[in-house]
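Protein sequence lines correspond, in order, to chains A and B. Going by our numbering, the first sequence opens with residue 2, and the numbers climb by one from there. Going by our numbering, the second sequence opens with residue 87, and the numbers climb by one from there.
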Amino acid sequence: MSQVKEEKYILGIFNDEDVLLDAVKQVRKSGVKIHEVFSPFPVHGLEHALGYKKSFLPKAAFAFGLTGTTLALTMMFYMMVFDWPMIIGGKDFAAVPDFIPVTFELTVLLGAFGMVGTFFVSNDLKPYKKAQIFDVRQTDDMHVMAIELDKNSSKSYEELTSILTGSGACEIKDKTFEA
Amino acid sequence: MEVTSSLKESTHGSHEIITASVRQPLVTGGKSMKDVTEDVCRQVEGKPTPAWMLAFAVSLTVLGLGSYAVYRVLWDGIGMWGLNKTVGWAWDITNFVWWVGIGHAGTLISAVLLLFRQKWRTSINRAAEAMTIFAVICAAMFPVLHMGRPWLGFYWALPLPNAFGSLWVNFNSPLLWDVFAISTYFSVSLVFWYIGLIPDFATVRDRAKGAIPKAVYGALSLGWNGSAKAWMHYEAVSLILAGMATPLVLSVHTIVSFDFATSVIPGWHTTIFPPYFVAGAIFSGFAMVLTLMIITRKVYKLEDYITMTHIELMNIVIIITGSIVGIAYITEFFIAWYSGVQAEQYAFINRMTGPYWWAYWSMMTCNVFSPQLFWFKKIRRSIAATFFLSIVVNIGMWFERFVIIVTSLHRDYLPSSWAYFTPTAYDVGVYLFTFGLFFTLFFLFAKFFPVVNMAEVKSVLKSTSGTIKED
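Right, here's the structure in full:
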């Protein structure tokens with residue numbers, strides 16, 4: 002039987018978002034790689050502090066929205082102008098102003114659904130997925146900064162603890178996941 | 087109130103020190119983040135209270151009784167309704183437009199106020215969005231039943247290849263635009279609501295004790311763990327959805343108004359309809375949010391989250407939109423006179439003084455005169471008055487739709503065919519059915535879902551609450 006691989010983390014628990022923001026900057030400055038920070042609510046500026054790239058979802062939304070526009074216009078022109086042209090209320094076959102409401106709705110529909118689908122896929126959110134919970138309070142009232150020990154082997158456990166305590170963590174914990 | 091008074095004292099005193107923030111606190115009672123979780127999860131985790139059971143039983147009964155009317159309308163046809171040769175639309179479209187309008191406040195609160203960075207939306211957006219979804223479901227019942235044979239509706243309403251060859255739906259018709267508008271509105275609102283629920287479902291999941299709640303909320307929360315990366319994407323998604331939903335709100339009721347405005351019936355054929363309908367929708371939507379939130383905050387003891395400030399701000403929206411609606415009524419009259427078209431002028435005089443004068447004046451009393459009472463601060467900040475007036479506004483908005491639809495139709499160009507529409511028990515029954523449906527869904531929501539958006543309230547807690555409790 003092969004040995005189970007373990008991922009060992011040291012967790013810094015914070016109870017205030019402003020302290021957390023400073024702490025993230027401080028910890029990164031001291032050369033520690035942060036695995037991830039978990040919060041019960043969106044903390045503004047945290048993604049910059051962690052050095053994340055901007056979300057690509059606006060681009061996805063735009064692309065899907067454009068698909069919606071194209072689909073709507075192609076569909077209506079094909080049906081109303083080429084496949085079965087009929088004069089209705091004396092209007093033109095290609096009654097472009099009449100096509101605007103449906104074009105708008107399909108743009109929004111595809112844009113919204115495409116973007117949300119991308120959001121689910123890129124964040125790996127799916128039904129029955131087991132959430133990786135480092136500390137149960139991360140969805141309640143505490144911010145949890147997780148530091149993977151293997152990826153920070155240049156620093157000893159004691160050093161990491163003192164960096165976290167020095168940055169304002171109110172509690173230090175260990176967590177091990179079986180990979 | 088405390089904040090304002092302390093501010094006044096400090097400016098009148100000898101020391102010019104400002105001791106309070108400019109804004110009133112959004113969350114009172116010195117809540118900590120833990121308190122927010124506890125207060126909101128209490129209802130979800132506890133057993134249903136007797137009050138909830140009773141309310142749920144009542145709405146189920148209404149739903150059951152109404153189902154009989156729906157069954158007869160489906161089985162025997164829409165001849166069960168009181169429609170006649172001039173009034174071809176009446177309660178069905180009145181109720182449809184009314185319910186769609188009610189839905190608008192939800193999207194407005196969650197989308198428009200998000201774009202405008204109005205933090206007070208956080209306590210009420212969840213329930214308002216739920217209201218939107220349920221109201222749109224109720225609204226959709228009417229055009230569906232109106233088809234007579236709704237099981238064929240798929241290829242009557244959607245551009246699907248059908249048995250008649252390549253005869254497609256008519257994209258020149260505003261009724262078809264409605265199909266696209268309402269279904270898009272419903273699905274986008276549903277997605278918006280669900281995205282907001284995911285982090286809160288995760289909170290409930292992590293607190294859940296039993297195996298069933300663990301499994302159900304585990305499935306619903308999609309494995310959310312609140313990582314900074316997920317929050318970053320979440321915020322991007324919320325903002326863009328809000329950006330897309332904002333024009334969507336305006337488009338939906340604009341398109342609903344096109345059902346009338348693109349026709350040539352005197353009383354309907356007006357360019358003022360799109361903005362006027364949108365204002366009316368927001369007006370009735372906010373009234374319904376107030377009706378529901380005043381009950382919810384009381385029953386669930388959420389007075390610290392849905393505060394007097396929230397109620398007052400919503401009442402201000404009611405004054406604004408109510409006044410817009412009032413101006414629209416007057417403008418319609420002016421334009422009818424100014425157009426010089428006799429049929430148009432008659433349609434409006436007939437509304438005011440004809441056989442439906444009572445409906446017209448009910449509308450004016452409820453929509454134009456009563457909300458003006460909110461100019462008085464005492465009334466604006468009174469729970470009882472707000473609750474009463476919110477119901478009055480909803481009645482008024484129903485009458486508005488009824489007046490527009492029925493009074494424009496019942497006397498057409500040919501006096502020999504003039505008729506008076508009277509609803510049958512089946513008109514009333516189907517309407518009751520939608521009430522039963524709406525409240526059944528709302529009570530289920532209020533029991534099993536967190537009614538206040540915990541994550542978003544926590545995010546504004548520090549900057550907007552009066553005092554912060556230290557753990």
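All residues carry an ideal CB built from backbone N, CA and C; glycine is no exception. Since this is a predicted model, take the numbers as computed values, not measurements.
Exercise. Determine contact between the segment 212–224 of chain B and the segment 402–412 of chain B, defined as no fewer than three beta-carbon pairs at a distance below 8 Å.
Key: no
Self-check item: residue 40(A) and residue 317(B) closer than 9 Å at C-beta
Solution: yes
Practice problem: Say whether the segment 357–371 of chain B touches the segment 504–513 of chain B, bearing in mind that this needs 3 or more beta-carbon pairs closer than 8 Å, one atom from each stretch. | Solution: no
Practice problem: Using a Cβ cut-off of 9 Å (strictly closer), state whether residue 205(B) contacts chain A. | Solution: no
Quiz item: Mind listing which residues of the segment 127–161 of chain A have their C-beta closer than 7 Å to chain D's C-betas, in chain order?
Solution: No chain D is part of this structure, whose protein chains are labelled A and B.
Practice problem: Confirm, please, whether the CB-CB distance from residue 212(B) to residue 279(B) is below 9 Å. | Solution: yes
Quiz prompt | Residue ranges of each alpha helix (DSSP H) within the segment 190–277 of chain B, 4 or longer | solution = 211–232 and 239–243
Practice problem: Write down every uninterrupted run of the alpha helix (DSSP H) in the segment 486–539 of chain B whose length is 4 residues or greater and which is fully enclosed by it, in chain order. | Solution: 511–534
Practice problem: Note down the Cα distance separating residue 261(B) from residue 88(A), rounded to an integer number of angstroms. | Solution: 17 Å
Practice problem: List the endpoints of the continuous alpha helix (DSSP H) containing residue 116(A). | Solution: 97–123
Exercise. Closer than 8 Å by beta-carbon distance: list the chain A residues that pair up with residue 343(B), in chain order.
Key: What residue 343(B) touches in chain A: nothing, since even the nearest Cβ is about 12 Å away.
Quiz item: So, is the C-beta of residue 62(A) closer than 9 Å to a C-beta in chain B?
Solution: yes
Quiz item: Grouping DSSP H, G and I as helix and E and B as strand, with all else coil, what is residue 95(B)?
Solution: In this prediction, residue 95(B) has a pLDDT of 44, which is less than 50 and means its spatial position is unreliable; what the coordinates show is noted afterwards. Residue 95(B) falls in the helix class under three-state DSSP.
Quiz item: How long is the line joining the alpha carbons of residue 37(A) and residue 12(A), rounded to whole angstroms?
Solution: 10 Å
Practice problem: Quick one: measure Cβ to Cβ for residue 323(B) and residue 117(A), integer angstroms, because I've assumed they're closer than 8 Å. | Solution: 6 Å
Practice problem: Anything in chain B within Cβ reach of residue 37(A), meaning under 8 Å, just list it in chain order. | Solution: 313, 314 and 315
Quiz item: What residues from chain A crowd round residue 199(B), counting only those whose CB sits closer than 9 Å?
Solution: Residues of chain A passing the Cβ test: none, with the nearest at roughly 16 Å.
Quiz item: Is the Cβ of residue 321(B) closer than 9 Å to any Cβ of chain A?
Solution: yes
Practice problem: Can you have a look at residue 268(B) and say buried or exposed, based on whether 16 or more other CB atoms are within 10 angstroms of its CB? | Solution: buried
Practice problem: Out of 357(B), 319(B), 240(B) and 481(B), point me to the one whose CA is closest to residue 58(A)'s CA. | Solution: 319(B)
Self-check item: Proximity winner among 128(A), 155(A) and 172(A), relative to residue 303(B) (alpha-carbon distances)
Solution: 128(A)
Quiz prompt | Opening and closing residue of the alpha helix (DSSP H) in which residue 124(B) lies | solution = 119–131
Quiz item: Taking the Cβ atom as the reference point for each residue, do residue 497(B) and residue 172(B) lie within a distance shorter than 9 Å?
Solution: yes
Practice problem: Kindly indicate which residue of 45(A), 66(A), 71(A) and 92(A) has the alpha-carbon position closest to the one of residue 23(A). | Solution: 45(A)
Quiz item: Is residue 538(B) close to chain A, meaning its C-beta is less than 9 Å from at least one C-beta of that chain?
Solution: no
Exercise. Spatial neighbours of residue 546(B) within its chain, please: CB distance less than 7 Å, with the 5 preceding and 5 following residues excluded, ordered by chain position.
Key: 112, 205 and 208
Quiz item: From 17(A), 9(A), 6(A) and 32(A), pick the residue whose C-alpha is nearest to that of residue 141(A); which is it?
Solution: 17(A)
Exercise. Please report how far the alpha carbon of residue 437(B) lies from the alpha carbon of residue 344(B), in whole angstroms.
Key: 21 Å
Quiz item: With a CB to CB cut of under 6 Å and the five nearest residues on each side skipped, what residues in its chain are close to residue 196(B)?
Solution: 211 and 215
Exercise. Identify each residue in the segment 73–91 of chain A for which the Cβ-Cβ distance to at least one residue of chain B is less than 7 Å, and report them in chain order.
Key: 76, 77, 80, 81, 84, 85, 89 and 90
Quiz prompt | Counted within 10 angstroms of its Cβ, other Cβ atoms place residue 263(B) as buried (16 or more) or exposed | solution = buried
Self-check item: Boundaries (first-last residue) of the beta strand (DSSP E) holding residue 39(A)
Solution: 37–39
Practice problem: Return the Cβ separation of residue 130(B) and residue 382(B) in integer angstroms, given the expectation that the two are a contact with Cβ distance under 8 Å. | Solution: Not really, about 13 Å apart at Cβ, beyond 8 Å.
Practice problem: Tell me where the beta strand (DSSP E) around residue 149(A) begins and ends. | Solution: 144–149
Exercise. Give the interface partners of residue 263(B) over in chain A, defined as CB-CB distance under 7 Å, in chain order.
Key: 102 and 103
Practice problem: Return the CA-CA distance between residue 490(B) and residue 295(B), expressed in angstroms with no decimal places. | Solution: 54 Å
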